[in-house]
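The sequence shown begins at 1 in full-length UniProt numbering and counts up one residue at a time. Positions of the beta carbon are idealized from the N, C-alpha and C atoms, including for glycine. Keep in mind that this is a model prediction, so the values were computed, not measured.
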Amino acid sequence: MTVSFALLMERLWQSDSPETTRDIILSLGFNGLVFQRWSPDYIENWEGRIAGGFLEHYYGAQLDQHCPIAKAIHTWSRSYTFGEARSQPGADTENAQRVERLFQQFGMNDGVVLLTGQNHLRSSVILTNANSVEEDFEKLGGMLYFAADKLTRQLRPGHPLLTHVPRENPTLSDMQTKILQMQIDHPELSKNEMALALGLSPKTLHAHHKKIAKKNGVTTFAGAVIKKLKES
1 MTVSFALLME RLWQSDSPET TRDIILSLGF NGLVFQRWSP DYIENWEGRI
51 AGGFLEHYYG AQLDQHCPIA KAIHTWSRSY TFGEARSQPG ADTENAQRVE
101 RLFQQFGMND GVVLLTGQNH LRSSVILTNA NSVEEDFEKL GGMLYFAADK
151 LTRQLRPGHP LLTHVPRENP TLSDMQTKIL QMQIDHPELS KNEMALALGL
201 SPKTLHAHHK KIAKKNGVTT FAGAVIKKLK ES
């Protein structure tokens, strides 16, 4: 670390935006940051920094259903490292290994999950690292808790940086249903070819893709397609 603990704490104290807080946290050696808040009615998340393509693979292959790190968020009441979550007994070993290989493929070998918020409106700050975080978590735990709490307060419910996903999935419009079915029936079509066939601009088609993903409770359009295939 090139700056002192006291200086980093001062910078966190003075931070006036989620982006600034994120950058201070990442300066500690982490390579990714995701914020998530959930209530009985909705989930809000902010991808502060995440390796390009990771979420498409993670949700597209439905690996979130087998991820010990994700499962621990909803069953543990304390913050933890990825290593702690992975070492818990009773996991689906084969699928858990698939998840771990994906994390490693994108340079996220370890990380920390910091639980924040209230019982009725829980949230988490997920930090990823290319290397083991055990030693850093022991040394910098207090600072990381402070930073995560700061970020949680900055990202108040409804903040424009947050993606809002209702837990009750709204019904797809006729056009969105058509788009989803066409993707299933004609996966060989490019986005431009599909937009032309539907009489839409590529930009409008992309906007529909995002809405379809939200309404299906997944992060990407690819995840919505796979969910539909599993249901049919």
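Under a 10 Å Cβ-count criterion, residue 13 is classified as exposed, with fewer than 16 other Cβ atoms of the shown protein chains found around its own Cβ. For residue 192, there is no enclosing beta strand (DSSP E); the enclosing alpha helix (DSSP H) has its first and last residue at 191–198. Here residue 62 carries a coil assignment [DSSP, helix/strand/coil]. Here DSSP, grouped into helix, strand and coil, assigns residue 156 to coil.
Its chain contains 215 as the residues whose beta carbon lies nearer than 8 angstroms to that of residue 171, once the 5 sequence neighbours on both sides are disregarded; these appear in chain order. The three-state secondary structure of residue 212, taken from DSSP, is helix. The distance from the Cβ of residue 48 to that of residue 22 is about 4 angstroms, consistent with a contact at the 8 angstroms cut-off. Remark: fewer than three beta-carbon pairs, one from each stretch, lie closer than 8 angstroms, so the region 151–164 and the region 62–81 are not flagged as touching. If the five residues before and after residue 194 are omitted, its C-beta is found closer than 8 angstroms to the C-beta atoms of 179, 182, 183, 186, 205, all from its own chain and listed in chain order. Among the bridge pairs identified by DSSP, residue 32 is matched with 128. For residue 99, the CB contacts under 7 angstroms within the same chain, skipping 5 residues up- and downstream, are 63, 66, 67 in chain order.
Spatial neighbours of residue 25 in its own chain (CB-CB distance under 7 angstroms, excluding positions within 5 residues in sequence) are listed in chain order as 33, 127, 147. By the neighbour-count criterion, in which a residue is buried when 16 or more other Cβ atoms sit within 10 angstroms of its Cβ, residue 199 is exposed.
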